[in-house]
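This report refers to the structure that appears directly beneath it.
Numbering (the working numbering), first residue to last: 18 to 373.
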């Protein structure tokens, strides 16, 4: 491993903490520093498990460069974000833009000053909502399905490629992440900063403090475990909208492969998702949660669809698989079972997070 001091921003979030622990387990002698502002509910629950692994935790905020400048490292993994596609809908866009865009700028300035490499976590929500909704689809018994006629360079049987349109409205969240991608590319090329951009689909797993607008798989499992109600929102309230997903363990294995090859890249973008083979509808997820929890909960139907909603979102990840000799190991059953077991083991700790 080339990098001996790693800074992870958003390091007490679900993804950041998982990556920190995974790398530390693989390379015990590496110094890892996790920076977090602890605004996300449940993020402080990660602190002790990080410290137990000899990972340093610093309270700080990427919105303020002064919080970064005293830290030295040779690699920054940027997991800091306001991760909800619904962020800003209540009119409070300031925190979203400052965290996701100004925060990215500050991370890039820090990387430039420290001559450090950068691995940037982006999102599949950078793609055009209008163009995604125009893809022909059929309605099956448990899910909506894209029709696979007229496939082109921007879509395969597994999902859209990174050639898919990013033009037009993509949500404020998507706009901040796409803008950050452009900054990462330009900084990387101009200042010779080793950098990779990953556009991730849904990520889930143990230690995710899920909400309706972000982390829905963990939320679904938890609500079944605790016998609390949920709702199917949009598209007639049928629960047939579809997303691909990846288990956090599969994400961490890819990140480690990329870190070990990061010197070879200057801002290249990779798409990372489960594709058609690793996807679920809300209705299918409900049935699996019922099977594993042995509980059946109440559902409300909210028929109206919000302008930021997407019926189906699947990513083709063949390029990243070939580039880094990486493959997806865990399917939806493994994922739901792992999250359920985590909740079972930590019931008292997570009850307020999921039911409060």
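For each residue, glycine too, the CB sits at the ideal point set by N, CA and C.
Output yes or no for whether 8 Å exceeds the beta carbon distance between residue i and residue j.
i: residue 329; j: residue 258; result: yes
i: residue 219; j: residue 261; result: yes
i: residue 264; j: residue 221; result: yes
i: residue 136; j: residue 83; result: no
i: residue 185; j: residue 145; result: yes
i: residue 289; j: residue 216; result: yes
i: residue 273; j: residue 39; result: yes
Just reading off the alpha helix (DSSP H) that residue i is part of, what are its end residues?
i: residue 362; result: 349 to 362
i: residue 272; result: 265 to 276
i: residue 120; result: 120 to 131
i: residue 220; result: From DSSP, residue 220 is part of no alpha helix (DSSP H) but of the beta strand (DSSP E) over 219 to 221.
Would you kindly work out how many angstroms separate the C-alpha atoms of residue i and residue j, rounded to a whole number?
i: residue 44; j: residue 18; result: 8 Å
i: residue 205; j: residue 132; result: 11 Å
i: residue 143; j: residue 98; result: 14 Å
i: residue 302; j: residue 370; result: 20 Å
i: residue 194; j: residue 238; result: 28 Å
i: residue 320; j: residue 210; result: 47 Å
i: residue 174; j: residue 331; result: 9 Å
i: residue 306; j: residue 312; result: 8 Å
i: residue 203; j: residue 348; result: 36 Å
i: residue 346; j: residue 354; result: 14 Å
i: residue 122; j: residue 286; result: 18 Å
i: residue 360; j: residue 112; result: 30 Å
i: residue 342; j: residue 23; result: 23 Å
Use the C-beta contact count for residue i: other C-beta atoms within 10 angstroms, 16 or more gives buried, fewer gives exposed.
i: residue 350; result: exposed
i: residue 168; result: exposed
i: residue 85; result: buried
i: residue 226; result: buried
i: residue 291; result: buried
i: residue 223; result: buried
i: residue 284; result: buried
Return the first residue and the last residue of the beta strand (DSSP E) that residue i is part of.
i: residue 188; result: Counting along the chain, residue 188 falls outside any beta strand (DSSP E), and DSSP gives it neither H nor E.
i: residue 317; result: 316 to 319
i: residue 89; result: Per DSSP, residue 89 belongs to no beta strand (DSSP E) and is neither H nor E.
Item to check | Given 8 Å, three or more beta-carbon pairs between the segment 74 to 84 and the segment 48 to 60 | outcome: Yes, since at least three Cβ pairs between the segment 74 to 84 and the segment 48 to 60 fall closer than 8 Å, the two stretches touch.
Item to check | Cβ contact (3+ pairs, closer than 8 Å) linking the segment 64 to 74 and the segment 292 to 306 | outcome: No, the segment 64 to 74 does not touch the segment 292 to 306.
Checklist entry - Is it true that the segment 171 to 188 meets the segment 332 to 351, where meeting means three or more beta-carbon pairs spaced less than 8 Å apart? => result Contact between the segment 171 to 188 and the segment 332 to 351 is present, because at least three Cβ pairs lie under 8 Å.
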